[in-house]
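Chemist: With full-length UniProt numbering as the guide, the letters of the sequence shown map in order to residues 14 to 319. Heads up, the beta-carbon is just placed ideally off N, CA and C, and yes, glycines get one too. I'd like to ask some things about the structure below.
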Amino acid sequence: LIHLLSTEGLSREILTQILDTAANFVSIGDREVKKVPLLRGKSVFNLFFENSTRTRTTFEIAAKRLSADVFNLDIARSSTAKGESLLDTIANLSAMAADIFVVRHSESGAPYLIAQHVAPHVHVVNAGDGRHAHPTQGLLDMYTIRHYKKDFTNLSVAIVGDVLHSRVARSDIHALTTLGCPDLRVVGPRTLVPSEFADMGVRVCHTLEEGIKDADVVITLRLQNERMSGALLPSSHEYFKSFGVTPERLQWAKPDAIVMHPGPINRGVEIDSNVVDGGQSVVLPQVTFGIAVRMAVMGIVAGNMA
Ligand code: CP
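Next up, the structure:
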């Protein structure tokens, strides 16, 4: 693996290698073991052209735990604001001896463009591009599911919410399908979960009850209003009335179902606070596992672990 741009096309073997490698990294940073020297002398550049709390911070922590030098480009104060093109920015940062670019961008495909223009020894990791892909979120979701449910091949997984605009949903669907999940549903109103998603081999459900019935895993998603316009934009109140995951509705899923959310959460819109903070929620463990998963990804692409 040279770059990580999508979970689409990754084999079951590579996905499993990343999850197994992450499992070995999970305790690093906890107590006596603070760092491993895998990326000592390497430079990781975080380029976040879109806002981020979890992804940017956990990539920084992960890179530091691998002993890399980390640089966070402040895009708002960078020369991007003066009209410098994306590829010129990359060329200039490459001249500062970058080894890994971690890229988030509102345009689907931006990390691919960068990967086509960097030198062969430079690695690109997609930290979310438009509505296309968010592969490390997909991988940390797989890590979380495997941690709590052990095996993918007997699971019912429901992805609930604004699937249409969600790069997380697409990355999860590709990874879950490859890992052998036999019952994958996407759930939401027709405007946000069009029937074309059936082409990805998932069941499309337009009621919450049908969608999460007897599910082992319920992945909730935010309404991505920044990617919507006009008629698509549902009212938060109306959405919550039909699709908000409340403690009462969660009883449609299996009693031991876990509830996930990639964040950021809009409490009272896609999910009730009592579910976010309840005993079935694994939202914060997802964030913590993200550190180990991002260590694994950078270790495999740039640390000669493969
Ligand atoms: N899940 C996720 O990508 O969160 P951030 O936007 O905070 O990075």
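From what residue to what residue does the beta strand (DSSP E) around N139 run?
Modeler: The count along the sequence shown starts at 1 and reaches residue 139 at position 126. Taken as a continuous stretch (DSSP letters only), the beta strand (DSSP E) holding N139 covers 136–142.
Chemist: Classify A76 as helix, strand or coil using the three-state DSSP reduction.
Modeler: By one-based count along the sequence shown, residue 76 stands at place 63. Helix.
Chemist: Is there a C-beta anywhere in chain B that falls below 9 Å from the one on A89?
Modeler: The structure shown has no chain B; it contains just one protein chain.
Chemist: Would you give the residue range spanned by the beta strand (DSSP E) that M273 belongs to?
Modeler: For the purposes of this step, residue 273 is identified with residue 260 of the sequence shown, where counting begins at 1. From DSSP, the beta strand (DSSP E) with M273 extends over 271–273.
Chemist: For T93, I'd like the list of residues in its chain whose CB is within less than 7 Å of its CB, leaving aside the five on either flank, ordered along the chain.
Modeler: Taking the sequence shown and counting its residues from 1, one reaches residue 93 at position 80. Hits under 7 Å: T102.
Chemist: Taking a cut-off of 7 Å, which residues have a beta-carbon closer than that to any heavy atom of the ligand CP, in chain order?
Modeler: N64, S65, T66, R67, T68, R69, G141, H147, Q150, V181, P275, G276, P277
Chemist: Opposite S169 in the DSSP bridges: which residues?
Modeler: Position 156 of the sequence shown, counting from 1, holds the residue named residue 169. DSSP, once it has assigned bridges, lists D196 as partnering S169.
Chemist: Would the stretch 35–44 count as touching the stretch 295–307 if we require 3 or more Cβ pairs under 8 Å?
Modeler: yes
Chemist: Hey, could you find the ends of the alpha helix (DSSP H) D227 is sitting in?
Modeler: In the sequence shown, residue 227 corresponds to position 214, counting from 1. Segment: none, D227 is in no alpha helix (DSSP H) and carries neither H nor E.
Chemist: Within the stretch 26–91, note down every full beta strand (DSSP E) run reaching 3 residues or more, in order along the chain.
Modeler: 56–61, 82–86
Chemist: If you reduce the DSSP assignment to three classes, tell me which class S255 lands in.
Modeler: For the purposes of this step, residue 255 is taken as residue 242 along the sequence shown, with counting starting at 1. Helix, per DSSP.
Chemist: Please classify E283 as buried or exposed, where buried requires at least 16 other C-beta atoms within 10 Å of its C-beta.
Modeler: Position 270 of the sequence shown holds residue 283. The residue is buried, with at least 16 neighbouring Cβ atoms inside 10 Å.
Chemist: Which same chain residues, not among the five before or five after H274, have their C-beta less than 6 Å away from its C-beta?
Modeler: The residue given as residue 274 occupies position 261 in the sequence shown. Around H274: T233, V296.
Chemist: Whole angstroms are fine: how far does the CA of G143 sit from the CA of L236?
Modeler: Within the sequence shown, residue 236 is the residue found at index 223, counting from 1. Within the sequence shown, residue 143 is the residue found at index 130, counting from 1. L236 and G143 have their C-alpha atoms spaced approximately 14 Å apart.
Chemist: How many angstroms separate the CA atom of residue 5 from the CA atom of G151?
Modeler: For residue 5 there is no data in the structure shown, the boundaries of the chain being 14 and 319.
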